[in-house]
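The listed protein sequences derive, respectively, from chains A and B. Counting in full-length UniProt numbering, the first sequence runs from 1 upward without gaps. Counting in full-length UniProt numbering, the second sequence runs from 1 upward without gaps. In this text, a Cβ means the ideal position worked out from N, Cα and C, and glycines have one as well. These notes are about the structure you will find just below.
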Amino acid sequence: MSEDDTPLLRAEAVTRLYGARIGCRDVSFALWPGEVLAIVGESGSGKTTLLNCLAGRLPLTAGIVRYRMRDGESRDLARLGEAERRFLMRTDWGFVHQNPADGLRMTVSAGANVGERLMAVGERHYGRIRGTAESWLRRVEVPADRIDDDPRSFSGGMRQRLQIARNLVTAPRLVFMDEPTGGLDVSVQARLLDLIRALVADLGMAALVVTHDLAVARLLSHRMMVMKEGAVVEEGLTDRVLDDPRHPYTQLLVSSILQV
Amino acid sequence: MSAPAVPAAYNFAYLDEQTKRMIRRAILKAVAIPGYQVPFASREMPMPYGWGTGGVQVTAAIIGADDVLKVIDQGADDTTNAVSIRAFFAKTAGVATTTRTADATIIQTRHRIPETALKAGQILVFQVPIPEPLRFLEPRETETRTMHALEEYGLMHVKLYEDIARHGHIATTYAYPVKVEGRYVMDPSPIPKFDNPKLGDSPALQLFGAGREKRIYAIPPHTRVESLDFEDHPFEVQRFAEPCGLCGATGAYLDEVILDDRGNRLFVCSDTDFCEERRRAGHCGAKAAAMEPTS
Ligand SMILES: Nc1ncnc2c1ncn2[C@@H]1O[C@H](COP(=O)(O)OP(=O)(O)OP(=O)(O)O)[C@@H](O)[C@H]1O
Ligand SMILES: [Mg+2]
Chain A
1 MSEDDTPLLR AEAVTRLYGA RIGCRDVSFA LWPGEVLAIV GESGSGKTTL
51 LNCLAGRLPL TAGIVRYRMR DGESRDLARL GEAERRFLMR TDWGFVHQNP
101 ADGLRMTVSA GANVGERLMA VGERHYGRIR GTAESWLRRV EVPADRIDDD
151 PRSFSGGMRQ RLQIARNLVT APRLVFMDEP TGGLDVSVQA RLLDLIRALV
201 ADLGMAALVV THDLAVARLL SHRMMVMKEG AVVEEGLTDR VLDDPRHPYT
251 QLLVSSILQV
Chain B
1 MSAPAVPAAY NFAYLDEQTK RMIRRAILKA VAIPGYQVPF ASREMPMPYG
51 WGTGGVQVTA AIIGADDVLK VIDQGADDTT NAVSIRAFFA KTAGVATTTR
101 TADATIIQTR HRIPETALKA GQILVFQVPI PEPLRFLEPR ETETRTMHAL
151 EEYGLMHVKL YEDIARHGHI ATTYAYPVKV EGRYVMDPSP IPKFDNPKLG
201 DSPALQLFGA GREKRIYAIP PHTRVESLDF EDHPFEVQRF AEPCGLCGAT
251 GAYLDEVILD DRGNRLFVCS DTDFCEERRR AGHCGAKAAA MEPTS
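What follows is the structure, given as structure tokens:
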């Protein structure tokens with residue numbers, strides 16, 4: 001099988017229970033290189049649970065997540081060694097948390113936040129690390145003269161952009177985002193969404209974006225999955241799902257946003 | 001201040017034999033895995049933690065009746081801390097003590113490695129306050145253990161990066177992190193980085209005891225020890241502009257002594273035994289005459 005026939009990530013009947021409560025259940029899909037897939041649904045529908053299962057941050061109760069490694073081989077994530085899994089997470093993957101404080105080191109400078117992954121993979125030249133950090137700050141529109149400030153002195157939007165830079169510096173092939181614009185003002189959100197869209201397109205990354213905001217899904221994603229009570233009720237190209245929703249629940253979601 | 005209070009009845013070197021065996025097992029494991037922090041069941045000692053109870057327990061576990069003990073604190077044999085620990089072992093183990101590096105078989109130390117080159121058969125015991133070099137950026141113990149296990153040491157360079165970003169150079173001068181035998185990153189205890197080069201390829205055995213944190217680690221003789229750095233900011237030791245004012249030594253670690261409130265200062269060897277030996281051998285520094293009459 002050639003690489004073109006193998007998805008980057010494949011979920012097979014992914015299920016996660018919290019005791020008797022359902023986190024997510026029986027979710028299957030494939031994600032292709034460069035594709036942006038939005039996971040939408042109301043609060044408590046299981047979006048974060050699913051994302052964490054896919055990213056190897058939460059053990060599955062049942063099911064399999066396969067990821068195609070850089071060597072072309074698809075591997076069951078549950079069977080990766082811890083060293084392999086952690087290496088994957090800080091090189092080939094990014095994870096953007098809703099709350100930037102969860103994804104940043106708040107007590108070290110912006111430059112060190114961006115440079116950390118480079119140092120983790122063995123970069124030992126200060127000047128090069130700093131140069132790369134500077135160019136990434138510019139790219140995410142954080143003024144380069146803030147490179148030595150720590151993120152505690154940054155606005156919410158700047159922190160989120162810094163978190164994105166910190167994740168993208170190793171050119172990951174897949175980025176997970178959980179409500180990346182969640183905590184921000186509407187105007188800040190719009191700029192950040194434009195930035196994310198441009199970066200994802202430029203770098204050709206695949207992305208899994210969790211959001212309860214259909215406008216975010218519309219703007220960022222090629223395809224989307226709609227979740228309800230832990231299960232996927234509808235899946236398809238984003239424009240198709242939003243313009244012609246088939247499942248009654250999706251119709252309800254879409255109509256409620258249209259009223260806003 | 002008085003020497004630690006020791007109960008009337010106690011075992012040789014204070015600790016009971018079972019405890020000493022437990023500590024020796026930890027030491028053996030530490031020697032077998034250079035730079036790896038071995039947990040041990042640290043005991044209460046009749047002195048506060050700040051006094052180096054980790055080092056005291058290591059010394060108690062390895063000392064024998066024929067040993068000759070030297071204890072230094074910041075390079076000096078005559079501080080309260082050093083005097084008390086020496087008195088403690090003189091009393092509880094009846095061992096001979098010395099201030100001469102060359103005569104000692106065990107040297108317990110806080111903050112320095114002696115200037116006089118160590119020999120095979122000698123053991124240097126360091127008192128360690130915080131054994132975990134990753135603690136600065138990662139407070140979670142479970143996470144730092146995983147990082148050691150998986151050799152994920154990028155974070156150490158984040159710390160050095162921060163130093164350069166803030167100060168223009170690596171400003172860490174004490175407890176400067178090292179990599180031991182190409183594997184474990186280790187905190188060498190708060191010795192000046194000046195002493196870091198002495199850690200590597202030493203003929204002596206180096207043992208590190210952290211009492212409050214319950215950890216023992218070791219550098220066996222002739223082990224490779226590298227100080228972490230960047231290609232474009234290589235590790236460098238401190239240099240002193242002038243020689244020791246008392247013995248004239250160059251290339252020794254010097255302390256600054258304020259002589260009066262008119263800004264007169266003196267730079268002298270921090271290793272008091274080294275300085276005295278040199279003066280006994282006839283070496284003389286520029287300020288030696290000025291200092292003599294007072295003593
Ligand atoms: N740690 C947990 N322990 C027990 N139940 C949990 C836990 N985390 C989530 N759940 C439950 O699993 C279900 C899915 O939660 P999840 O956080 O995945 O939803 P979500 O779609 O991300 O919601 P939101 O939009 O509010 O973030 C909910 O019923 C939730 O109460
Ligand atoms: Mg959520």
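Beta carbon proximity, residue i to chain A, threshold 8 Å
{"i": "Y161/B", "result": "yes"}
{"i": "V158/B", "result": "yes"}
{"i": "T294/B", "result": "Reliability fails at T294/B, whose pLDDT of 47 lies under 50, so the model's placement of it is uncertain and no value is given."}
{"i": "M1/B", "result": "Any reading at M1/B must be qualified, since the residue scores a pLDDT of 46, below 50, and its modelled position is unreliable; no value is offered."}
{"i": "L134/B", "result": "no"}
Residue i at chain B interface by Cβ criterion, 8 Å
{"i": "A11/A", "result": "no"}
{"i": "L37/A", "result": "no"}
{"i": "G19/A", "result": "no"}
{"i": "E134/A", "result": "no"}
{"i": "A83/A", "result": "yes"}
{"i": "M1/A", "result": "Confidence at M1/A is low in this model, with a pLDDT of 48, below 50, so its placement is unreliable and the value that follows should be read with caution. Chain B contact via Cβ: absent."}
{"i": "V169/A", "result": "no"}
{"i": "V142/A", "result": "no"}
{"i": "V216/A", "result": "no"}
{"i": "V27/A", "result": "no"}
{"i": "V226/A", "result": "no"}
{"i": "V175/A", "result": "no"}
{"i": "V96/A", "result": "no"}
{"i": "V188/A", "result": "no"}
{"i": "V241/A", "result": "no"}
{"i": "Y249/A", "result": "no"}
{"i": "V254/A", "result": "no"}
Among the options, the one whose alpha carbon lies nearest that of residue i
{"i": "S270/B", "options": "H167/B, A289/B and V257/B", "result": "V257/B"}
{"i": "L54/A", "options": "Q98/A, T15/A, R105/A and G182/A", "result": "T15/A"}
{"i": "G168/B", "options": "T181/A, M177/A and D148/A", "result": "D148/A"}
{"i": "residue 313/B", "options": "I107/B, A61/B and D103/B", "result": "Since the first and last residues shown for chain B are 1 and 295, residue 313/B lies out of range."}
{"i": "G44/A", "options": "V241/A, R21/A and P59/A", "result": "R21/A"}
{"i": "V216/A", "options": "T181/A, Y249/A, E82/A and P245/A", "result": "T181/A"}
{"i": "D73/B", "options": "D103/B, C284/B, A120/B and D273/B", "result": "D273/B"}
{"i": "E276/B", "options": "R166/B, D77/B and A210/B", "result": "D77/B"}
{"i": "E151/B", "options": "P131/B, G182/B, A165/B and E213/B", "result": "G182/B"}
{"i": "V36/A", "options": "P248/A, V200/A and S135/A", "result": "V200/A"}
{"i": "A90/B", "options": "E132/B, K119/B and T59/B", "result": "T59/B"}
{"i": "R134/B", "options": "V185/B, D163/B, A87/B and A165/B", "result": "For clarity, residue 134/B is Leu in the given sequence; the question names Arg instead. The option with the nearest alpha carbon to L134/B is V185/B."}
{"i": "P248/A", "options": "M227/A, A11/A, L162/A and D92/A", "result": "M227/A"}
Interface residues of chain B facing residue i [CB-CB closer than 9 Å]
{"i": "G111/A", "result": "Y161, E162 and A165"}
{"i": "I129/A", "result": "H157, Y161 and F230"}
Chain B contact residues for residue i, given Cβ-Cβ distances below 7 Å
{"i": "H125/A", "result": "F230, E231 and D232"}
{"i": "R105/A", "result": "L137"}
{"i": "R223/A", "result": "Chain B residues near R223/A: none, gap ~35 Å exceeds 7 Å."}
{"i": "V210/A", "result": "Under the 7 Å cutoff, chain B gives no residues; its nearest Cβ is about 25 Å from V210/A."}
Neighbouring residues, chain B, relative to residue i (Cβ below 8 Å)
{"i": "D148/A", "result": "A165 and R166"}
{"i": "V232/A", "result": "Correct list: empty, because the minimum Cβ distance to chain B is about 34 Å."}
{"i": "V65/A", "result": "Near V65/A there are no residues of chain B at all, since even the closest Cβ is about 21 Å away, more than 8 Å."}
Partner residues on chain C for residue i, Cβ-Cβ distance less than 7 Å
{"i": "G154/B", "result": "Judged by its chain identifiers, the structure shown contains no chain C, and its protein chains are A and B."}
Rounded distance between the beta-carbons of residue j and residue i, thought under 8 Å
{"i": "I63/B", "j": "V95/B", "result": "6 Å"}
{"i": "D229/B", "j": "H125/A", "result": "Between H125/A and D229/B the Cβ distance is about 11 Å, and since that is not below 8 Å, they are no contact."}
{"i": "F126/B", "j": "T109/B", "result": "6 Å"}
{"i": "F267/B", "j": "L254/B", "result": "4 Å"}
{"i": "L51/A", "j": "L208/A", "result": "6 Å"}
{"i": "G211/B", "j": "Q37/B", "result": "Not quite, the Cβ-Cβ distance comes to about 13 Å (not below 8 Å), so this is no contact."}
{"i": "L137/A", "j": "V114/A", "result": "7 Å"}
Within chain A, the residues that residue i reaches when beta carbons sit closer than 8 Å
{"i": "L150/B", "result": "E82, A83 and R86"}
CB of residue i within 8 Å of CB of residue j, strictly
{"i": "G157/A", "j": "V108/A", "result": "no"}
{"i": "T116/B", "j": "K70/B", "result": "no"}
{"i": "L124/B", "j": "A30/B", "result": "no"}
{"i": "I191/B", "j": "I113/B", "result": "yes"}
{"i": "T172/B", "j": "G200/B", "result": "no"}
{"i": "I27/B", "j": "A218/B", "result": "yes"}
{"i": "V178/B", "j": "V128/B", "result": "no"}
{"i": "G248/B", "j": "H283/B", "result": "yes"}
{"i": "P34/B", "j": "V158/B", "result": "no"}
{"i": "P245/A", "j": "Q160/A", "result": "no"}
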